[in-house]
Structure formats: structure tokens, C-alpha cells
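Enquirer:
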Amino acid sequence: MAEKNIVVVGAGFAGVAATRRLAKRFKKNHDVHITLIDRHSYMTYMTELHEVATDRVPLEAVQYDLGRLFAHKKNVELVTDDVTKVDHDKNVVTTAHGRYNYDYLVLAMGAESNDFGTPGVKEHGFSLWSMEDAVKIKEHIKATVAAAAVEHDPAKRKAMLTFVVVGGGFTGVETIGEMIDWRPILAKENKIDPSEITLILDEAVPTILNMLDRKDADLALRFMRKQGVDVRTATPITEVGPDYMTLKDGSHVPTNTVIWTAGLKANTDTSDFDMEQGRAGRLITNEFMQSNQYPNTYVAGDLSLNTNEGDRGTPQIVEAAEQTGDAAAEHIVATINGTTPKPLKSSYSGFVVSIGSHYSVANVFGSIHLSGWFGTIMKHMINLLYFFTTFAGYYIFQYSMHEFFRNRHGRNPFWGHLSRYGNVLWSVPARIFYASMWLVDCWTKVQGSGSWFNGKLRLPFTWLYPKVTTSGASEAAGTAKKAVETASTTPTNEFFSLSYDYGKQPMMIFKHLPKWYESVTKFFIPNKETALFMQEFMTIVEIGLALCILFGLFTWLANAVTIGLVVVFCLSGMFYWVNMWMPFMALALMNGSGRAFGLDFWVVPWLQKHLGHWWYGDLKSIYGNH
1 MAEKNIVVVG AGFAGVAATR RLAKRFKKNH DVHITLIDRH SYMTYMTELH EVATDRVPLE
61 AVQYDLGRLF AHKKNVELVT DDVTKVDHDK NVVTTAHGRY NYDYLVLAMG AESNDFGTPG
121 VKEHGFSLWS MEDAVKIKEH IKATVAAAAV EHDPAKRKAM LTFVVVGGGF TGVETIGEMI
181 DWRPILAKEN KIDPSEITLI LDEAVPTILN MLDRKDADLA LRFMRKQGVD VRTATPITEV
241 GPDYMTLKDG SHVPTNTVIW TAGLKANTDT SDFDMEQGRA GRLITNEFMQ SNQYPNTYVA
301 GDLSLNTNEG DRGTPQIVEA AEQTGDAAAE HIVATINGTT PKPLKSSYSG FVVSIGSHYS
361 VANVFGSIHL SGWFGTIMKH MINLLYFFTT FAGYYIFQYS MHEFFRNRHG RNPFWGHLSR
421 YGNVLWSVPA RIFYASMWLV DCWTKVQGSG SWFNGKLRLP FTWLYPKVTT SGASEAAGTA
481 KKAVETASTT PTNEFFSLSY DYGKQPMMIF KHLPKWYESV TKFFIPNKET ALFMQEFMTI
541 VEIGLALCIL FGLFTWLANA VTIGLVVVFC LSGMFYWVNM WMPFMALALM NGSGRAFGLD
601 FWVVPWLQKH LGHWWYGDLK SIYGNH
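Once you know that position 306 of the sequence shown is 306 in full-length UniProt numbering, the rest is easy, because the numbers rise by one and skip nothing.
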């Protein structure tokens, strides 16, 4: 086969989906070379931009490095550059720093905000359709509230503290929802009354969230109004000024902040590509996402207008973008391999819209309707599923950290209870105490007549092999059984040598091995020799775990293993209810206790750095290398 060059322009949801599908299909075909070009070295998780704009999460929470996403795709070349021209006659993509020949081209450059020509929006309003937009909005809001806090003119102060979001779609509602959460934080930081901050959601048509069922949309509407949002419907805006906006009825709303989310249009960079355009400038395709003008050119995502999906084409949502990207990739695969192509068949699992960090409305799988906290959990599950299906395990971890564990001000579904910002310094004494208890127990196993290294077999193995144990071991087993059966007032705890006074009697979790566990134990430990080896080996393991916890090395893993050992000891009939505090102590110490006066302070960052380098290689922008 002659070498084939496939160029994908745009690393959004559609472009990444198309590139991943192509890389997978041509994994063993070394004659196919795939190039992904984007002006950024990262993919922006567009559906969460409102969280950056309202200071809920940092920039890196929605930036997914392409080097990580395609770390093991050897047939994919990543290029960070601006596309300036597409020559369909010569099959060449020209960028600011290079030229790329192609046999097949996938355009997935997305969309941009559409102000419908409303006067003043470009000059005085804010769009929310890029990382730069989100940062600009965040900095503007912070600066505006800080300035308003020291403004003495009541009219100017009111305008500065009035924030308007235009557009009742998903982006607009989610943005105003995050503003609800951010309002008390802004007020506290600037020493003003939260009631002074006015939030307005403006929609030109009579209803909001028109992709949802009306019942779900009405739930969202009631929640926003209950939270003090002034939701205005059937109220078109005719002009935006530096400190006001004008409505169709001629009235003015004093405001210094208008965030425009009212519509989308095709990326205007494609207007010079000499391709047929449809509604909102979107490029027209057939059912294979293939241009009618240029058979080797495909259009995917928000940029495309599949005429087989109606006048509006596929909805401009993540699921549709990925499906169009996959459809384009599959048609290229079929063309190269000489197989029958399959047209796009759209199917959507549903929709979820969040209104702040604790409330969402969802309609998924056609019949499941959720609202409130359960809707929010559903949204996070959908996002995590996306990372799982793209095999981006690193970003499953990062998403969880930013959304659940490293989140400030309680802006997560659990109101901050999972936050890792708690001070772990005060867990150091508990860590030392817990490690010491394990070492005390091990001490009786490695020295003196009670040593596990002198050939005597202890519980639970004496129960499994009573005829082959030494007399000392049999005696120890009999003593242990008798202690349990008679519940002596001053027994010796086989796990820790603790005594119980004042009539307190210890109770084992299990007096005898469960039958299923006994069968498992006999399978893995078929004879006395293996039992003796495991007995001695596990003592060494316990000492190692204790030392790791004591010195704060791999404390999460070490404590997790001790929980597992407690479960084993319980099933083996060697653990008492009085010591059930131990697994809960271990669970508490798993919250980074080794990061204070422990080796994890140095070791964990070192491992993250070097393991990341080993797995993903050097992560850097390659802008200008071509």
C-alpha cells in the first residue's frame, strides 16, 4: 500500500475522537500517518469552562495535554500551530510555520460565540468559548467586585455589582449557577453584603433550556429564582454599552458585566476554505461527514452541518461531536481498506445541566429524570466515563482531585467534606502511635519463647493442621480456644498483648474460620511447611508496613494493606472487637498523613515526576518545530 497521510485540524472533542479512532484502526498499518494540528498543545474540556470563569477550578482542571492523551499512539504526530490555509486542489494544509500534505483531511475546528450582530457585544461584552475567554471573565469579575467594594457612588456601585449572563442554554445556565456559588465568596473576600450582588439571566425566547423536557427545565428555573437569580425570558437585548445594556422595550439595565452565551456559529477561520456553508456558517456534509465538494475532506463536530440530520444538523453537544468524529474516521478507514462505509447514526444518552456545585437537572437514557444532588452525581459520573473511554487514566485522577478533593470553599457535591486542604500535621501523632502498635505486636513474634520463627505453628494454621503441629503449637491453639470459650476476665490478646481489667471481656470477631475461608486457606497453604513459611513471611511484612507508616513512606498504600490484614485476621479468628479501632485509624491516616514530617513529602512528588516522564515522555509544546 502507498503511504497515506491523514491530517486532522482541531483538537476538540470531535478532532480527538477522530484521531483516536484512526490511530486504533491503523495501529498495525505503518503506511498510514496521522497528523493532529491545533493552536494549543492541549485539549480544552469545553463543557467545564464556566468553572474556570467563576474561579471554581484552576486552568489545568480543563486542560488535557495532547501528549498524554496520545502518549502511546505511535502513528500520531502532534503539531501545535495555527492553520492559515487549506488548498483543496493540491491537498495541502498550510500553517503559520509549515505545510502538510494530506490524502484525507478532517476539519474539526469547532465553533465560536455568535452575537447576531448585536451592537456593543464585541466591544463591551464577554464571550465564553475558549480558555482565554474564561480567564478574562474571571479576572474581570474579581477586579470589578474589588473596585465596587470601595466605590461610594451608589449608581456606579450597583452597576458594578450587577452581572448579566445572556442566553438560557446550557452554557448560560451553568455559568449563572456557578455565580450563585461564587457570590458569597466574593462578598466575604471584599467585605460586602452578598445581597448587593445582583445576578441576571436573560433569554430572548419565552423558555430556557429548550433541549430538556419542560418539567426538568422548570425545575432549573425554580431553583435559580429561589437562589435569587433574576431570570428574564422573552427579553431580547438590543445593545450593550460599557456600563449598561438596553432591552428591546427600550429599558436600560446598569451593568459593567455582560457575559454572552446566546448562540454559536462556525469557526470564522474556515470562511476562507472555499467550502459550502449552511446555517450559522457551518460546513455542509453528507451522512458520512464528507464534504459534497471535496470527497477526501471531512467535517466533524460543531463545525459540521449534516444535512441528513435536518436543517439544524447535529446538536452542538459533546456526544454529537464525538459521534461525527468517529463517523468521519470510519469512512476514511473504509475507503482505505476497501470496505463498505457506514453512515452516521446519531443517538444521544441524554442531557445534564448543573446549576452550581450541588444542584443539577438530568434527563438520561430517555426515561431517567434526576434533579438536585443526584443530578450532580450523574454529571460527574458521565465526565468520569468520558475519561475512562478515552483511556486517559491520568485525567480520571486529575478530574477527581479538582472536583472532589482539592476544591475550595465547599464547591463540590460533598460541600467540601472530601477536601484535602485539611491540615494533616495533627495526624502525625496518630501515625506514630498506630505504627508502634504494629511493632509491639511483631516484637512478640520475633523473640523469646513465643517467637513465630522457632518452628511453632500458631493460629489459624493449627486449626487446619492439628495432627502435624508441634506440641507447643497445639497447646497454644488449645489455650486460645479455651480463652474464647470461657471468656476469662484477664485473657491475653493473641494479636496485641493487652490485658482487660474491671470485668471487661474481649470477644473475637469470629470464633472459628468460616468454611469458605478455611477452604481458601487450605488451597493456598496446603501443608505445614507452607504454613510456617507464610507465618514468618507475614511477620516480616507487618514489620515493613509498620516502619513505612512510622516514617511516612507510601502511607496510603501501607495503611490500605493493614486494613486488608485486619480483614484476614478477623476471618482467621485472631482479632478481637476491642481492636476494631485499627482499620478506622488506618483509613484516617490514608489522607496524606505521610506528607507532614514523613518521607512522602519528598518521595511521592519524585515518583509522580519520574513515573510521568517514563509513561508519557517529555510534555512540551512543539510550536514552531515544523
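Glycine included, every Cβ here is placed at the ideal spot set by N, Cα and C. Here the structure is a predicted model, which means the values were calculated and not measured.
Verify whether the separation of the beta carbon atoms of Y104 and I37 is less than 9 Å.
Expert: In this structure, I37 does not lie closer than 9 Å to Y104 by Cβ.
Enquirer: Just reading off the beta strand (DSSP E) that Q608 is part of, what are its end residues?
Expert: Segment D600 to Y616 is the alpha helix (DSSP H) holding Q608; no beta strand (DSSP E) there.
Enquirer: Kindly list the residues whose CB is nearer than 7 Å to the CB of N267, restricted to its own chain and excluding five residues on each side of it in sequence; keep chain order.
Expert: Cβ neighbours of N267 beyond the five flanking positions: M109, G110, A111, E112 and L303.
Enquirer: How many angstroms separate the CA atom of M585 from the CA atom of V566?
Expert: 12 Å
Enquirer: In whole angstroms, what separates the C-alpha of residue 627 from that of E319?
Expert: Shown here, the chain extends from 1 to 626; a query on residue 627 therefore has no answer.
Enquirer: Compute every distance between the C-beta of F223 and the non-hydrogen atoms of the ligand PLP, then say whether any falls below 8 Å.
Expert: For the ligand PLP, the structure offers nothing, since it holds no ligand at all.
Enquirer: Suppose you measure from the CA of D81 to the CA of L66; what does that come to, to the nearest Å?
Expert: 13 Å
Enquirer: For T19, does the count of other Cβ atoms within 10 angstroms reach 16, so buried, or fall short, so exposed?
Expert: buried
Enquirer: Starting from D38, trace the beta strand (DSSP E) both ways and give me its first and last residue.
Expert: V32 to D38
Enquirer: Pick out whichever of D31, S357 and N363 has its Cα sitting closest to the Cα of G350.
Expert: N363
Enquirer: According to the neighbour-count rule (16 or more other Cβ atoms, all chains shown, within 10 Å of its Cβ), is Q323 buried or exposed?
Expert: So Q323 counts as buried.
Enquirer: Which class does K265 belong to by DSSP, given the choice of helix, strand or coil?
Expert: strand
Enquirer: Among T539, F170 and Q277, whose alpha-carbon lies nearest the alpha-carbon of R312?
Expert: Q277
Enquirer: Could you name the residues of the same chain whose beta carbon sits closer than 8 Å to that of L607, not counting the 5 residues immediately before and after it, in chain order?
Expert: none
Enquirer: For H50, which residues in the same chain have their Cβ closer than 6 Å to its Cβ, ignoring the five residues on either side in sequence?
Expert: E174, T175 and E178, listed in sequence order.
Enquirer: With E77 and T35 assumed to form a contact (beta carbons below 8 Å), what rounded beta-carbon distance in angstroms separates them?
Expert: 5 Å
Enquirer: Return the first residue and the last residue of the alpha helix (DSSP H) that D441 is part of.
Expert: Start and end: V428 to V446.
Enquirer: Grouping DSSP H, G and I as helix and E and B as strand, with all else coil, what is Y244?
Expert: strand
Enquirer: Going straight from the alpha carbon of K511 to that of M574, what length do you get?
Expert: 8 Å
Enquirer: Does DSSP put Q323 in a helix, in a strand, or in coil?
Expert: Three-state DSSP puts Q323 in a helix.
Enquirer: Quick check on the DSSP output: the beta strand (DSSP E) that includes W182 runs from which residue to which?
Expert: Looking at the DSSP string, W182 is not in any beta strand (DSSP E); the run it does join, the alpha helix (DSSP H), is F170 to N190.
Enquirer: Between V83, E60, V164 and A96, which lies nearest to V9 when the distance is taken from Cα to Cα?
Expert: Of V83, E60, V164 and A96, the residue nearest in Cα terms is V83.
Enquirer: Please determine, among K122, F116 and E139, the residue with the shortest C-alpha to C-alpha distance to A204.
Expert: Checked all of K122, F116 and E139; the closest Cα to A204 is F116.
Enquirer: For C523, I'd like the list of residues in its chain whose CB is within less than 6 Å of its CB, leaving aside the five on either flank, ordered along the chain.
Expert: One detail in the question is off: residue 523 reads as Phe in this sequence, not Cys. Contacts found: none.
Enquirer: K191 to V299, Cα distance in whole Å?
Expert: 51 Å
Enquirer: Please report the residue range of the alpha helix (DSSP H) in which H380 lies.
Expert: W373 to T389
Enquirer: Terminal residues of the continuous beta strand (DSSP E) containing residue 628?
Expert: Here the chain comprises residues numbered 1 to 626, so residue 628 is not present and cannot be evaluated.
Enquirer: State the Cα-Cα distance for the pair W516 and L571, rounded to the nearest angstrom.
Expert: 10 Å
Enquirer: Would you check if the distance between the CB atom of T389 and the CB atom of P413 is smaller than 9 Å?
Expert: no
Enquirer: Can you have a look at M507 and say buried or exposed, based on whether 16 or more other CB atoms are within 10 angstroms of its CB?
Expert: Counting other Cβ atoms within 10 Å of its Cβ, M507 stays below 16 and is therefore classed as exposed.
Enquirer: Could you tell me if S195 is buried or exposed, where buried requires 16 or more neighbouring beta carbons within 10 angstroms of its beta carbon?
Expert: S195 comes out exposed.
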